[in-house]
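Colleague:
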Amino acid sequence: MTVKEILDATPLSFSFEFFPPRTEDGWDSLFHNIADLMPLKPSWVSVTYGAGGSTRDRTHDLVMRIQKETNLTAVAHLTCVGSSQDEIAGIIDRYVKNDVLNILALGGDPPKDIPDWKPQPDGFRYAGELVGFIKQQHPQLSVGVAGFPEGHPATPNRLMEIDHLKDKVDAGADYIITQLFFDNRDYYDFCERCEIAGIRVPIIAGIMPVLTKKGMYRMAELAAGARLPARLLKLISRADSDDYVAKAGIHWASEQVRDLLDNEARGIHFFTLNKSRATIQIYESLGVRSSEQFLR
Ligand SMILES: Cc1cc2nc3c(=O)[nH]c(=O)nc-3n(C[C@H](O)[C@H](O)[C@H](O)COP(=O)(O)OP(=O)(O)OC[C@H]3O[C@@H](n4cnc5c(N)ncnc54)[C@H](O)[C@@H]3O)c2cc1C
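In the numbering used here, the protein residues as written are 29 to 324.
Following this line, the structure appears as structure tokens:
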């Protein structure tokens with residue numbers, strides 16, 4: 029099934045994101061966690077792709093294993109910056125041959141440690157070009173793109189940024205998944221700005237709870253633009269162990285999800301970091317055993 033078909037059939041989606049592990053133990057642990065998450069009945073799951081193709085085969089292998097060993101719909105992330113057009117075409121063709129029908133088309137980040145880095149002459153510079161290429165080659169594929177409620181650092185002009193997002197949608201994107209955010213007002217404002225720009229596809233809210241203080245610093249580094257509100261920092265600063273940081277972070281994320289559901293968000297995407305506990309606890313704290321119960 030494609031994500032477009034799923035979104036057309038439901039007013040509210042719930043998706044979980046994983047990354048391809050590096051070690052055998054990591055694979056075992058991930059599949060245990062996936063088994064724990066299965067009762068929550070996600071609408072689909074997605075698998076990240078390492079910048080510049082560093083996880084090319086592992087992403088493919090994880091997507092294939094999920095499709096073969098579970099009844100879950102899998103979405104393969106794919107970044108274009110740094111790859112040639114042939115390389116990208118080869119990756120997509122392999123997915124199509126294996127009945128993978130869903131791609132999250134991303135720009136990806138140029139390597140930070142190479143100051144005079146230049147894109148491949150025949151490669152793609154922006155995700156919009158990748159979306160157009162996929163749709164031209166394989167119109168049957170469902171393609172999602174990334175959105176940034178608090179803005180993307182490479183485009184300080186917020187108006188231009190929404191224009192670029194509109195270009196991705198006009199190129200054929202079926203839905204948008206947002207970067208994680210901690211203040212729902214940023215998401216609502218983003219949705220309104222998209223509406224004004226004529227962006228009509230579902231905008232799925234990216235949620236990731238703070239689980240450790242160290243993790244919080246990492247999130248601030250990696251999640252371009254994500255702001256940690258003072259109210260959240262105050263909550264976290266009271267916790268005297270990582271166990272209690274996790275309790276506070278999960279409480280915050282649960283409140284975010286509750287508020288998003290009350291305000292008719294189109295979908296929630298959980299960045300799971302390959303663990304099941306936080307996502308399960310968010311569901312439990314909202315009084316449900318599976319995604320279907322949110323629809324009642
Ligand atoms: C849900 C989600 C999942 C992600 N998964 C991954 C992953 O698996 N692997 C990974 O490496 N990264 C991933 N990322 C991170 C993402 O690759 C980076 O944040 C990247 O910097 C931006 O990607 P993009 O797809 O938005 O790129 P783009 O849409 O190409 O945008 C990048 C920047 O360029 C600007 N821009 C776009 N088009 C144009 C244009 N035509 N002219 C001028 N400027 C333009 C945009 O405004 C933006 O500032 C993910 C992000 C999200 C939100």
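Glycine included, C-beta positions come from ideal geometry on N, C-alpha and C. Treat the numbers as computed from the prediction; the structure is a model and nothing was measured.
Are the CB atoms of Val103 and Leu132 within a distance shorter than 8 Å?
Modeller: Yes; because the gap between Cβ atoms is below 8 Å, this pair is in contact.
Colleague: Taking Asn326 as the reference, give the member of Gln168, Asn99 and Ile296 with the closest Cα.
Modeller: Here the chain has residues from 29 to 324 only, and residue 326 is not among them.
Colleague: Which two residues bound the contiguous alpha helix (DSSP H) that contains Trp280?
Modeller: Trp280 -> alpha helix (DSSP H) spans Asp270 to Asp290.
Colleague: Tell me the DSSP bridge mates of Ser41?
Modeller: Ser41 is bridged to Gly295.
Colleague: Give a single yes or no on whether Val73 has its beta carbon closer than 7 Å to a heavy atom of ligand 1.
Modeller: Result no, Cβ not under 7 Å from ligand 1.
Colleague: On a CA-only basis, which of Gly234, Ala199 and Tyr215 is nearest Glu45? Give me that one, please.
Modeller: Comparing Cα-Cα distances from Glu45 to each of Gly234, Ala199 and Tyr215, the minimum goes to Gly234.
Colleague: Between the region 68-82 and the region 30-46, do three or more beta carbon pairs fall short of 8 Å?
Modeller: Touching, per the Cβ criterion.
Colleague: Ser304 and Asn61 look like a contact to me (Cβ under 8 Å); what is the Cβ gap, rounded to whole Å?
Modeller: At roughly 4 Å, the Cβ-Cβ gap stays under 8 Å, so Ser304 and Asn61 are in contact.
Colleague: Is the beta carbon of Val124 sitting closer than 8 Å to the one on His166?
Modeller: Contact: yes.
Colleague: Grab the span of the beta strand (DSSP E) containing Asn302 for me, first residue to last.
Modeller: Unbroken run through Asn302: none, as it is neither H nor E.
Colleague: Could you please give me the residues that DSSP links to Leu384 through a beta bridge?
Modeller: Lying outside 29 to 324, the shown extent of the chain, residue 384 is not represented and no answer is given.
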